[in-house]
């Protein structure tokens, strides 16, 4: 099936497939992946709870942490196929992501090329929570040059407070480690702001003292 995707992309680049033929071939390829996803035992992937639905209100919200493998791709298709028939939102937590588990653009491109058009059409927004400078740059390049169709739907979210302006807190279940990290970062931000205010205030008073002298 992976070879089918590569072959299809090659034919498209060579201009040998009409738009209608491309759509039919893509649909056939996706259906094969979907059948495989429904037939495979993906309980090990499901146990990781890396992809799950939360909230019962429209639009539907999903949270996931990337784990890169064919089984992960199959599980993604298995879970999302019936959900993406309607508008939905995805939230990706990049919290505490290390060098060993950064987003893999090749994997994402493969996923984007395989999934049905409804995945892309009905995606209302993709919230990227706790991004790093590196991830912001990678996301920009990826959404600009590889999957430009969703660029306007990708939003970087620095804090949970910012996320809650887009999604009501009661509609989502956030993992404890994400809450703890966000609380630490928010506290550091507040303390830094207070320190800067005190420094500016001190300089202001010193300046006035000099003038008065």
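Residue numbers (the UniProt record's numbering): 1 to 213. Even glycine gets a Cβ: it sits at the ideal position worked out from N, Cα and C.
Measuring CA to CA, which of 75, 141, 181 is closest to residue 95?
As a working note, residue 95 is residue 95 in the chain shown. That would be 181, whose Cα lies nearest to the Cα of residue 95.
Out of curiosity, what's the CA-to-CA distance linking residue 57 and residue 128?
Your numbering for residue 57 matches position 57 in the chain shown. Your numbering for residue 128 matches position 128 in the chain shown. Caution applies to residue 57, whose pLDDT of 47 falls short of 50 and renders its modelled position unreliable; the model cannot decide the point.
Expressed to the nearest angstrom, what Euclidean distance is found between the alpha-carbon atoms of residue 74 and residue 142?
Counting from 1 along the chain shown, the entry for residue 74 is found at position 74. Counting from 1 along the chain shown, the entry for residue 142 is found at position 142. Roughly 22 Å between the two C-alpha positions.
Under 8 Å between C-beta atoms, does residue 133 make it to chain D?
The question asks about chain D, but that chain is absent: this structure has only one protein chain.
Provide the residue(s) that pair with residue 123 in DSSP beta bridges, ordered along the chain.
One-based indexing of the chain shown puts residue 123 at position 123. DSSP, once it has assigned bridges, lists 88 as partnering residue 123.
Kindly identify the DSSP beta-bridge partner or partners of residue 129.
The residue given as residue 129 occupies position 129 in the chain shown. Residue 129 is bridged to 93, 157.
Inter-residue spacing [alpha-carbon to alpha-carbon] between residue 42 and residue 156:
Indexing the chain shown from 1 puts residue 42 at position 42. Indexing the chain shown from 1 puts residue 156 at position 156. Between residue 42 and residue 156, the C-alpha separation is close to 30 Å.
Own chain partners of residue 116 with C-beta closer than 6 Å, once the 5 adjacent residues on each side are dropped
By 1-based counting over the chain shown, the position of residue 116 is 116. Here the set comprises 30.
By the three-class DSSP mapping on this structure, what secondary structure does residue 137 have?
Residue mapping note: residue 137 aligns to position 137 of the chain shown, counting from 1. DSSP places residue 137 in helix when its eight states are reduced to three.
Near residue 102, which residues of its chain fall below 6 Å by C-beta distance, leaving aside the five closest residues on each side in sequence?
Residue mapping note: residue 102 aligns to position 102 of the chain shown, counting from 1. Same-chain partners within the cutoff: there are none.
Just verifying my parser: in three-state terms, what is the DSSP assignment at residue 176?
Working through the chain shown from its first residue, we reach residue 176 at position 176. Helix.
Going by C-alpha distance, which of 125, 124, 151 is nearest residue 137?
Position 137 of the chain shown holds residue 137. Comparing Cα-Cα distances from residue 137 to each of 125, 124, 151, the minimum goes to 151.
For residue 139, count neighbouring C-beta atoms within 10 Å of its own C-beta (all shown protein chains included) and say buried if the count is 16 or more, exposed if not.
For this step, residue 139 is matched to residue 139 along the chain shown. By the neighbour-count rule (16 or more Cβ atoms within 10 Å), residue 139 is buried.
Assign residue 119 to one of two classes, buried (16 or more other C-beta atoms within 10 Å of its C-beta) or exposed (fewer than that).
Here residue 119 corresponds to residue number 119 of the chain shown, with the count starting at 1. Buried, because 16 or more other Cβ atoms sit within 10 Å of the Cβ of residue 119.
Helix, strand or coil: which one does DSSP assign to residue 149?
As a position in the chain shown, residue 149 is number 149, starting the count at 1. In this structure, residue 149 counts as helix in the three-state DSSP scheme.
Status (buried if at least 16 other CB within 10 Å, exposed otherwise) for residue 183
Numbered from its first residue, the chain shown carries residue 183 at position 183. Exposed, because fewer than 16 other Cβ atoms sit within 10 Å of the Cβ of residue 183.
If residue 77 and residue 37 are in contact, beta carbons under 8 Å, what's the gap, nearest whole angstrom?
For the purposes of this step, residue 77 is taken as residue 77 along the chain shown, with counting starting at 1. For the purposes of this step, residue 37 is taken as residue 37 along the chain shown, with counting starting at 1. With a Cβ gap of about 4 Å, residue 77 and residue 37 count as contacting.
Look at residue 159 and residue 185 and say whether their C-beta atoms are less than 8 Å apart.
Taking the chain shown and counting its residues from 1, one reaches residue 159 at position 159. Taking the chain shown and counting its residues from 1, one reaches residue 185 at position 185. A contact, by the Cβ cut-off of 8 Å.
Tell me which same chain residues have a C-beta within less than 6 Å of the C-beta of residue 105, skipping the five on either side of it?
The sequence position of residue 105 within the chain shown is 105, counting from 1. These residues qualify, in order along the chain: 142.
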